[in-house]
Amino acid sequence: MNKTERNGWLNPISWKMLIGFFAFNAILISVFVVEGLNRPHVHTMAFRFEERQAGTFISALQLGLTSYTCLVIWLLNKTRPFLKSINFWLLSFCGFLYLTLDEWFMLHEGVDGALADLFRLFSERSGKLMFDGAVLVLFGLIALAVCWFSRKEILKHKQMLFFFVLGGLFFIGTIATDILKPDEVNIRATQFSIMLEESCKLFGVSYFFAGFLSVLFPLLSHCSRALTPKVSS
Numbered sequence: 153m154n155k156t157e158r159n160g161w162l163n164p165i166s167w168k169m170l171i172g173f174f175a176f177n178a179i180l181i182s183v184f185v186v187e188g189l190n191r192p193h194v195h196t197m198a199f200r201f202e203e204r205q206a207g208t209f210i211s212a213l214q215l216g217l218t219s220y221t222c223l224v225i226w227l228l229n230k231t232r233p234f235l236k237s238i239n240f241w242l243l244s245f246c247g248f249l250y251l252t253l254d255e256w257f258m259l260h261e262g263v264d265g266a267l268a269d270l271f272r273l274f275s276e277r278s279g280k281l282m283f284d285g286a287v288l289v290l291f292g293l294i295a296l297a298v299c300w301f302s303r304k305e306i307l308k309h310k311q312m313l314f315f316f317v318l319g320g321l322f323f324i325g326t327i328a329t330d331i332l333k334p335d336e337v338n339i340r341a342t343q344f345s346i347m348l349e350e351s352c353k354l355f356g357v358s359y360f361f362a363g364f365l366s367v368l369f370p371l372l373s374h375c376s377r378a379l380t381p382k383v384s385s
């Protein structure tokens, strides 16, 4: 580990990921908004952010890549039998794998609906689901619990911690915009809310992905050096 990695919150690679993911998402969101507004018979900025559209695909893809990254980190660090190797990296792999399936197959929306039916949590005025977003809060609490119990491992990687905090802030934005989403009667406000919610999700997922990449890259470099035969002088 070099001096920059040891003393700084962000090394050069992490800075590149911070700026690169921001630029990628900003351009992507801009393209989605412009394409939606200019799409014949649609003319809505939220079109590409709706379920099963391009925004959902990009989110699911990044979640899947994050899950795979966690698995690689776990395999590279695994030195003990499976039951004794259940740690932060393996739990993260399982969590992000579930989130990938959830994002594409809309699993938590079904849970929302079931809980709403069970507790009668619908607004009598608009019929809108009042429980919407609560399952996302539950996901966040589970993630916080895993991070708390794995804090010793996480604190070893300052770059990852930085990206986790940044991703967490965007995740809070996703929950807030989902819970505070206006009634569908106000079409423009609803479209803007959907666009904002999905944009926060894209940024959040990207920075969680960047956090795990900030651990994977040095680990791969270390493994490469360990496997490279030393040339005697």
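According to this note's numbering, the residues represented by the sequence shown are 153 to 385, in order.
Backbone N, C-alpha and C fix where the C-beta goes; we use that ideal spot for every residue, glycine too.
Classification of Leu-170 by the beta-carbon crowding that lies within 10 angstroms, buried from 16 upward: Around the beta carbon of Leu-170, a 10 Å sphere encloses 16 or more other beta carbons of the protein chains shown; the residue is thus reported as buried.
Element boundaries [alpha helix (DSSP H), containing Gln-343]: Annotation: the continuous alpha helix (DSSP H) that includes Gln-343 extends over 339-379.
Neighbourhood of Ala-362 by C-beta distance below 6 Å, restricted to the same chain and skipping five residues each side: The beta carbon of Ala-362 sits closer than 6 Å to the beta carbons of Met-169, Phe-173, Phe-315 from its chain, once the five residues preceding and following it are set aside; these are given in chain order.
Ser-244 vs Cys-222 beta-carbon contact at 7 Å: For Ser-244 and Cys-222, yes; Cβs fall inside 7 Å.
Option nearest Lys-310 by Cα separation, candidates Ser-376, Pro-370, Thr-218: The option with the nearest alpha carbon to Lys-310 is Pro-370.
Where the alpha helix (DSSP H) through Thr-112 begins and ends: This structure cannot speak to residue 112, because the chain is shown only from 153 to 385.
Neighbour-count burial assignment, Glu-203, 16 or more Cβ in a 10 Å radius: Glu-203 is classed as exposed because its beta carbon has fewer than 16 other beta carbons within 10 Å across all chains shown.
Secondary structure of Pro-164, DSSP reduced to three states: Pro-164 sits in a helix when the DSSP states are folded into three classes.
Rounded separation between Met-312 and Ile-165 - CA only: Cα to Cα, Met-312 sits roughly 12 Å from Ile-165.
Rounded Cβ spacing between Asn-177 and Ser-345 (contact assumed at less than 8 Å): Actually they are not in contact, since the Cβ atoms of Asn-177 and Ser-345 sit about 18 Å apart, beyond 8 Å.
Distance between His-193 and Ala-328 (C-alpha atoms, nearest Å): Straight-line Cα distance between these residues: approximately 30 Å.
Residues near Leu-368 by beta carbon distance below 7 Å, same chain, minus five either side: Counting only Cβ-Cβ distances below 7 Å, and skipping sequence neighbours, we find Thr-221, Val-224, Ile-225.
Cβ-Cβ separation, Gly-216 to Phe-184 (assumed contact under 8 Å), whole Å: Actually they do not touch by this definition, with Cβ atoms about 20 Å apart.
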